[in-house]
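Here is the structure we will look at.
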Amino acid sequence: MSDPVGCLSALGDGWNLSAPGVCVDGGATAASNWFAERPHVLQAFLASLFTWGMTALGAALVFFAKRVNQKQLDAMLGFSAGVMLAASYWSLLAPAIDLSEGYGRFAWFPAAMGFALGALALSLSDRLMPHFQLGAAMQAEEGAVTTWRRTMLLVLAITLHNIPEGLAVGVAFGAVACDPGTAGPGAAVALAIGIGLQNFPEGAAVAMPLRRVGWPRFRSFWYGQLSAVVEPVAAVVGAAAVTVCFPIMPYALAFAAGAMIYVVIAAVIPESRQRGNTNVATLGAILGFIVMLILDVALA
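Here full-length UniProt numbering is used: position 174 in the sequence shown is 174, and no number is missing along the way.
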């Protein structure tokens with residue numbers, strides 16, 4: 001029987017998928033090795049296609065049901081928050097701190113400055129457009145919110161909050177190209193998987209309420225998945241930026257972390273607790289944190 005721990009460890013072992021204990025063989029091994037040989041910008045793009053695909057999968061729930069249990073949705077949003085919090089540290093902030101050792105007593109500065117700038121950028125973007133929480137479409141039954149303008153603002157707001165996730169994936173893969181000793185490929189893979197997992201409820205949070213108020217299934221699905229289309233673009237930009245300009249890498253990693261944590265604190269956590277399902281949302285967050293911890297340790 002294949003060793004699942006060996007399988008995960010091999011992913012982080014310099015992309016050596018032929019190591020003992022690997023649980024993939026044949027076509028799976030060939031596909032994994034093909035991915036490992038691609039340029040890091042392309043790897044970031046492909047990984048972000050996976051994260052977008054998970055959003056689309058969540059939105060696809062509209063083809064099977066008209067409603068989603070609110071308690072389950074809040075638990076999934078809590079799970080998303082836990083994953084993003086853990087990923088922000090282990091896959092982004094920790095490598096940023098390690099890459100700043102050359103700053104001596106000021107080694108804290110790149111991570112702190114990048115983190116602050118990331119949070120500030122998201123805060124300013126929220127001020128430039130009406131702020132909608134991830135589940136704002138849940139209010140779609142209240143008359144005027146079914147207007148085209150309201151729907152577009154909702155999609156734009158969630159799209160804006162998906163940019164840091166795509167950027168984080170891109171920066172993580174770009175960091176591997178610049179300094180594989182500090183930023184290992186396993187951490188980048190873990191980050192992409194974690195963000196993909198937490199994207200699932202985001203897709204459902206947009207699409208299901210639209211379906212509930214009478215939108216056609218395909219149209220509801222379309223706007224649900226559309227919110228994450230920006231992630232591959234942001235991933236390519238992030239990977240290219242740190243690959244071309246190595247000195248900005250610790251700042252870029254911390255910037256992505258700051259932006260992601262801002263989204264968690266300002267949008268995901270409040271939305272998961274808004275309807276009184278505090279306990280399940282909290283348990284979901286703890287579970288998400290643990291899952292991301294396991295992914296990062298096992299892969300890295």
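Glycine included, every Cβ here is placed at the ideal spot set by N, Cα and C. All figures in this text were calculated on a predicted structure; none of them were measured in a lab.
Own chain partners of residue i with C-beta closer than 7 Å, once the 5 adjacent residues on each side are dropped
{"i": "I290", "result": "none"}
{"i": "V68", "result": "L61, A204, M208"}
{"i": "G143", "result": "At G143, the pLDDT of 45 sits below 50, so the modelled position is not reliable and the matter cannot be decided from this model."}
{"i": "I286", "result": "G82"}
Selection from the options that minimises the alpha carbon distance to residue i
{"i": "E231", "options": "W222, A285, A44", "result": "A44"}
{"i": "L167", "options": "G288, A257, K71", "result": "A257"}
{"i": "V189", "options": "S272, L92, A30", "result": "L92"}
{"i": "L156", "options": "G170, D126, A75", "result": "D126"}
{"i": "A234", "options": "L42, A30, S272", "result": "L42"}
{"i": "A252", "options": "P95, A30, N69", "result": "P95"}
{"i": "A175", "options": "N33, T243, L295, P270", "result": "T243"}
{"i": "G90", "options": "A172, F218, K71", "result": "The sequence shown places Trp at residue 90, not Gly. That would be A172, whose Cα lies nearest to the Cα of W90."}
{"i": "L77", "options": "L293, I97, L299, L283", "result": "L283"}
{"i": "A195", "options": "P216, A177, I163", "result": "The question names Ala, but residue 195 is Ile in the sequence shown. Comparing Cα positions, the closest option is I163."}
{"i": "E165", "options": "K71, H40, S227, Q70", "result": "S227"}
{"i": "H40", "options": "F218, A177, S272, P216", "result": "A177"}
{"i": "L124", "options": "H161, I97, D98", "result": "H161"}
Straight-line Cα distance separating residue j from residue i
{"i": "C245", "j": "A254", "result": "15 Å"}
{"i": "V237", "j": "A281", "result": "33 Å"}
{"i": "G214", "j": "F64", "result": "14 Å"}
{"i": "N279", "j": "E37", "result": "44 Å"}
{"i": "T55", "j": "A112", "result": "30 Å"}
{"i": "I248", "j": "A187", "result": "19 Å"}
{"i": "R211", "j": "W52", "result": "20 Å"}
{"i": "residue 310", "j": "F115", "result": "Not covered by the structure: residue 310. The range shown for the chain is 1 to 300."}
{"i": "D296", "j": "Q274", "result": "30 Å"}
{"i": "F35", "j": "F50", "result": "13 Å"}
{"i": "T159", "j": "V229", "result": "8 Å"}
Contacting residues, own chain, Cβ-Cβ under 6 Å from residue i (five flanking each side not counted)
{"i": "I261", "result": "S88"}
{"i": "G288", "result": "F79, G82, V83"}
{"i": "A47", "result": "V169, A192"}
{"i": "P110", "result": "S100, P250, Y251"}
{"i": "I294", "result": "none"}
Close beta carbons around residue i, own chain, < 8 Å, minus the five adjacent residues each side
{"i": "K71", "result": "N277, V280"}
**Study point:** Contact between the segment 77-85 and the segment 215-232 (3+ Cβ pairs under 8 Å)
**Key:** no
Check your understanding: Is there contact between the segment 115-123 and the segment 197-206, where contact requires at least three CB pairs shorter than 8 Å?
Key -> Under the Cβ criterion (8 Å, minimum of three pairs), the segment 115-123 does not count as touching the segment 197-206.
Check your understanding: If you pair each beta-carbon of the segment 47-61 with each one of the segment 256-274, do three or more pairs fall below 8 Å?
Key -> no
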